[in-house]
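Let me begin by presenting the structure, written as structure tokens, before commenting on it.
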Amino acid sequence: MSVKVLYFAGLREAMGRSAESVDLPAGVTTAGGLRDCLAGQHEAIRTAKNLRVAVNQQMVGLDAPVADGDEVAFFPPVTGG
Amino acid sequence: MSVKVLYFAGLREAMGRSAESVDLPAGVTTAGGLRDCLAGQHEAIRTAKNLRVAVNQQMVGLDAPVADGDEVAFFPPVTGG
Amino acid sequence: MTVSVQETDFDCGAEVAVLSAGDDEAGAVASFVGLVRGGEILAMTLEHYPGMTEQALQKIVDQARQRWEVRRVRVIHRVGRLAPGDQIVFVGVSSRHRGDAFAACEFIMDYLKTQAPFWKKEETPSGGRWVDARESDEDAARRWSGGN
Amino acid sequence: MTVSVQETDFDCGAEVAVLSAGDDEAGAVASFVGLVRGGEILAMTLEHYPGMTEQALQKIVDQARQRWEVRRVRVIHRVGRLAPGDQIVFVGVSSRHRGDAFAACEFIMDYLKTQAPFWKKEETPSGGRWVDARESDEDAARRWSGGN
Numbered sequence: 026m027s028v029k030v031l032y033f034a035g036l037r038e039a040m041g042r043s044a045e046s047v048d049l050p051a052g053v054t055t056a057g058g059l060r061d062c063l064a065g066q067h068e069a070i071r072t073a074k075n076l077r078v079a080v081n082q083q084m085v086g087l088d089a090p091v092a093d094g095d096e097v098a099f100f101p102p103v104t105g106g
Numbered sequence: 026m027s028v029k030v031l032y033f034a035g036l037r038e039a040m041g042r043s044a045e046s047v048d049l050p051a052g053v054t055t056a057g058g059l060r061d062c063l064a065g066q067h068e069a070i071r072t073a074k075n076l077r078v079a080v081n082q083q084m085v086g087l088d089a090p091v092a093d094g095d096e097v098a099f100f101p102p103v104t105g106g
Numbered sequence: 067m068t069v070s071v072q073e074t075d076f077d078c079g080a081e082v083a084v085l086s087a088g089d090d091e092a093g094a095v096a097s098f099v100g101l102v103r104g105g106e107i108l109a110m111t112l113e114h115y116p117g118m119t120e121q122a123l124q125k126i127v128d129q130a131r132q133r134w135e136v137r138r139v140r141v142i143h144r145v146g147r148l149a150p151g152d153q154i155v156f157v158g159v160s161s162r163h164r165g166d167a168f169a170a171c172e173f174i175m176d177y178l179k180t181q182a183p184f185w186k187k188e189e190t191p192s193g194g195r196w197v198d199a200r201e202s203d204e205d206a207a208r209r210w211s212g213g214n
Numbered sequence: 067m068t069v070s071v072q073e074t075d076f077d078c079g080a081e082v083a084v085l086s087a088g089d090d091e092a093g094a095v096a097s098f099v100g101l102v103r104g105g106e107i108l109a110m111t112l113e114h115y116p117g118m119t120e121q122a123l124q125k126i127v128d129q130a131r132q133r134w135e136v137r138r139v140r141v142i143h144r145v146g147r148l149a150p151g152d153q154i155v156f157v158g159v160s161s162r163h164r165g166d167a168f169a170a171c172e173f174i175m176d177y178l179k180t181q182a183p184f185w186k187k188e189e190t191p192s193g194g195r196w197v198d199a200r201e202s203d204e205d206a207a208r209r210w211s212g213g214n
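Residue numbers (my numbering), protein chains in the order written: chain Y, 26 to 106; chain F, 26 to 106; chain G, 67 to 214; chain S, 67 to 214.
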């Protein structure tokens, strides 16, 4: 049970990586659960303001389900063009 | 006492000319007066609907003054671009 | 030169490039190209009032500058005989921000279609006819006048 | 191809020409070019989420097509390092009438600035910093949502 996690922009720099494979701990079934789990390990996620999340390239809320093989991306609010 | 009179578009075609010099009859002091005077001579002006007038290249109302040497243009409503 | 009335065609890309060239503060360029539509029309001929038409276009540009923060403006309107697919009009506006550029560009187009001295004659299979002023164009121009 | 995210520059004139080429019904092409403004910024770097960003842009285009009568749409957004004066984004829309072309073009730009996954890092004399989301952009996008 693992997911591919991506980071963008300032969060990518703060994490020091753009992607990693994360084993989903038992009981973690949502994007919010994954975020909390990662926040326990990384200050960059713990202190990120207005963190956005996408699952399989769709913007979702923190209650969105996360399952084995999903692509989960965390990033700051967009500031395009 | 004469003015240069210009015609455009459908009115130019109906008049068969694009410009002419018109002697201002005594008592004609406004664009409307000139229009009435020309209407007496030309059916094209008499029957023109929504005739617009410009004096010295400024759109004006029929009560605008007309004086010796002015450029007076009559034309249909504009249908640009 | 801000305003041109000409028979020759124009190069939209070159005009857009000039609007921001060398201007670090121009973050936005909105532009519009009007073209001759086909359908039943074989061609059209556009007539203008030399001198007055250019003045009218410049006045429209001046009004746009009073209403919005605009850096550069370019207006080109063609006259003469034009066929379907031909370019008729170009309006381009540069500004710091896109909202001003869009609003000024659309304002100029709306006024240009209603206020500027141009007359259009359409050639159809059944002959030529001078176009009547359209109500929808006057409506489009009227919506800007609320703030005046 | 409607949507492109690319490092390479684009040719606004060529893109505008393609929007009406061979289409007799396209009477109007509205377009927008966004550029890097100068001032205190030496350069900026734009980052995107490959795959998701293109999908988001296509979705914005689809929404515009549902709201307005639109014929062709082209969206190009650059990524990577850009200097003041460089072109960032192109949006072009062809339509029968200018009102639809302007509205769809501005709609796409407003959404693109707020909804599409792009992140901007500015280089200033005092170092680099990621730009925070601006409230004015979110306001601009919000005004379109009344009709939804």
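Virtual Cβ for every residue (Gly too), placed ideally from N, Cα, C.
For S161 of chain G, the closest of G:G88, G:V155, G:R138 by C-alpha to C-alpha distance is G:R138. Listed along chain S, no residue sits closer than 9 Å to F99 of chain Y by beta-carbon distance, the nearest being about 11 Å off. One finds D90 in chain S with Cβ atoms closer than 8 Å to the Cβ of P150 of chain G, taken in chain order.
Those residues of the segment 112 to 136 of chain S placed with their C-beta closer than 9 Å to a C-beta in chain Y are L112, E113, H114, Y115, G117, M118, T119, Q121, A122, ordered along the chain.
According to the DSSP assignment, T180 of chain G belongs to the alpha helix (DSSP H) that extends over 164 to 181. When secondary structure is reduced to three states using DSSP, I154 of chain G falls in the strand class. With the rule of 3 Cβ pairs closer than 8 Å, the segment 180 to 197 of chain G counts as touching the segment 125 to 145 of chain G. In this structure, the straight-line span from the alpha carbon of G35 of chain F to that of W196 of chain G is close to 6 Å.
Residue range 44 to 48 is occupied by the beta strand (DSSP E) that includes D48 of chain F. At a cut-off of 8 Å between C-beta atoms, A109 of chain G does not count as an interface residue with respect to chain S. Between R144 of chain G and E73 of chain G, the gap from beta carbon to beta carbon is short of 8 Å. Contact between the segment 147 to 156 of chain S and the segment 106 to 113 of chain S is established, with three or more Cβ pairs separated by less than 8 Å. Inclusion of V82 of chain G and S97 of chain G in the CB contact set at 8 Å is warranted, their separation being smaller than that value. At least 8 Å separates the CB of V85 of chain Y from every CB of chain S. In the structure shown, the three-state DSSP call for G194 of chain S is strand. For the pair I142 of chain G and F156 of chain G, the Cα-to-Cα distance works out to about 5 Å. Counting only Cβ-Cβ distances below 7 Å, D77 of chain S has contacts in chain G at G79, in chain order. In the three-state DSSP reduction, R138 of chain G falls in the strand class (E or B). Distances from the alpha-carbon of S86 of chain S to those of G:A80, G:G88, G:V102 put G:V102 closest. Residue G:V99 holds the alpha-carbon nearest to the alpha-carbon of V84 of chain S among G:G117, G:V99, G:T119. Residues of chain S with a Cβ closer than 8 Å to the Cβ of A34 of chain Y are, in chain order, E113, W185, K187, W196.
At a cut-off of 8 Å between beta carbons, F173 of chain S makes no contact with chain G. Proximity of P90 of chain F to chain G, defined by a Cβ-Cβ separation below 8 Å, is not satisfied. Under the three-state reduction of DSSP output, R71 of chain Y falls in the helix class.
Spanning the alpha carbons of R77 of chain Y and A44 of chain Y requires a straight line of approximately 16 Å. For A83 of chain S, the enclosing alpha helix (DSSP H) begins and ends at 78 to 86.
In this structure, the beta-carbon distance from V97 of chain F to A56 of chain F falls below 8 Å. E113 of chain G sits in a strand when the DSSP states are folded into three classes. When the alpha-carbon of A80 of chain S is set against those of S:R140, S:D166, S:Y177, the nearest one is in S:R140. Under the DSSP assignment, Q83 of chain F falls in the beta strand (DSSP E) whose first and last residues are 83 to 85.
In the three-state DSSP reduction, E91 of chain G falls in the coil class, being neither helix nor strand. Setting aside the 5 residues that flank it on each side, D75 of chain S is surrounded in the same chain by R144, D152, Q153, each with a C-beta closer than 8 Å to its C-beta; the list follows chain order. Look at A167 of chain G: its C-beta is not under 8 Å from any C-beta on chain F. Taking 8 Å as the threshold, the shortest C-beta distance from Q82 of chain Y to chain S falls below it. Between W185 of chain G and T72 of chain F, the CB-CB gap reaches or exceeds 8 Å. Within chain F, not a single residue places a beta-carbon under 8 Å from that of A170 of chain G; the smallest gap is close to 17 Å.
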